[in-house]
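Quick note, our numbering runs 4 ahead of the 1-based positions in the sequence shown. We treat Cβ as the ideally placed atom computed from N, Cα and C, and that holds for glycine. Since the structure is predicted, the reported quantities are computational estimates derived from the model, not experimental observations. Remarks on the structure that follows.
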Amino acid sequence: MFAAELEAMMGKIPLSKVRVADLCARCGVERRVFYYHFRDKFDLVAWIFERDYSRALEMSVPYSEGLYAEAHRRLWERRAFYRRAFEEDSQNSIGRYLLQMSIRANEDALKRHLGVSSLSLEYAFKARHFAHGNVGCVIDWLRGEVHATPEQLAAQMFACMPSELRGAYESRTCGRAPGSAPRNG
Numbered sequence: 005m006f007a008a009e010l011e012a013m014m015g016k017i018p019l020s021k022v023r024v025a026d027l028c029a030r031c032g033v034e035r036r037v038f039y040y041h042f043r044d045k046f047d048l049v050a051w052i053f054e055r056d057y058s059r060a061l062e063m064s065v066p067y068s069e070g071l072y073a074e075a076h077r078r079l080w081e082r083r084a085f086y087r088r089a090f091e092e093d094s095q096n097s098i099g100r101y102l103l104q105m106s107i108r109a110n111e112d113a114l115k116r117h118l119g120v121s122s123l124s125l126e127y128a129f130k131a132r133h134f135a136h137g138n139v140g141c142v143i144d145w146l147r148g149e150v151h152a153t154p155e156q157l158a159a160q161m162f163a164c165m166p167s168e169l170r171g172a173y174e175s176r177t178c179g180r181a182p183g184s185a186p187r188n189g
């Protein structure tokens with residue numbers, strides 16, 4: 005209910021102008037109901053993104069170009085909402101959330117692949133640099149500054165991926181994750 009109403013509100017006003025009190029009034033609930041589920045409006049936006057990403061993950065192989073393409077398709081389907089969401093650049097913004105999520109995913113993949121508990125400065129920088137490039141390109145794409153289909157964007161991102169990170173992600177998609185049983189079928 006909150007997600008649908010926030011998306012409707014952002015069709016008319018930027019996220020910076022959305023007030024939780026107004027969102028709750030439109031949903032017919034008290035503010036405490038909102039705060040029971042979310043820390044703030046940015047947490048709600050992150051929840052919406054996570055829901056879309058989870059649905060993309062259900063349709064694709066984890067850590068794959070296909071997952072990127074499916075996630076981009078979902079962003080594109082709701083680009084008006086996401087454009088508005090990414091306009092906000094405050095401390096809790098979706099852009100910063102997505103950047104941190106991407107950095108962590110890259111670092112975790114490299115650590116697993118390399119069998120280490122912490123990354124060298126070189127690998128940590130590659131994980132961070134690639135995350136910044138990916139998130140920046142997705143934002144530019146949603147704004148219409150990069151012209152590509154979701155599949156083309158995913159392919160370009162994978163083409164720019166550092167070889168060590170590609171190896172880390174490919175090792176996660178080749179049949180089984182480290183420590184898991186082989187897949188059936």
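- Boundaries of the alpha helix (DSSP H) around GLU91: 83-91.
- Distance from the CA atom of VAL142 to the CA atom of HIS133, rounded to whole angstroms, is 14 Å.
- For ASN96, no alpha helix (DSSP H) encloses it, and the DSSP letter there is neither H nor E.
- Counting only residues of its own chain and dropping the five nearest sequence neighbours on each side, ARG78 has a CB closer than 8 Å to the CB of ASP56, TYR57, ARG59 and ALA60.
- Using a Cβ distance threshold of 8 Å, ALA50 and ILE98 count as a contacting pair.
- The Cβ atoms of ALA113 and LEU123 do not sit closer than 8 Å to each other.
- Distance from LEU146 to ARG83 at the Cβ level is roughly 5 Å; contact confirmed, criterion being Cβ atoms closer than 8 Å.
- By the Cβ-count criterion, LEU27 is buried, with 16 or more other Cβ atoms from all chains shown falling within 10 Å of its own Cβ.
- The shortest CA-to-CA distance from ARG87 to any of ARG23, GLU11 and ASN110 is the one to GLU11.
- Straight across, the Cα-Cα distance linking MET13 with HIS151 is about 27 Å.
- A Cβ-Cβ separation of about 15 Å leaves PHE90 out of contact with LEU48 under the 8 Å criterion.
- Following the DSSP letters along the chain, one finds LEU61 inside the alpha helix (DSSP H) bounded by residues 45-63.
- With a cutoff of 8 Å on beta-carbon distance, GLU111 and ALA128 are scored as near each other.
- Between SER106 and VAL65, the C-beta gap is not smaller than 8 Å, which leaves the two residues out of contact.
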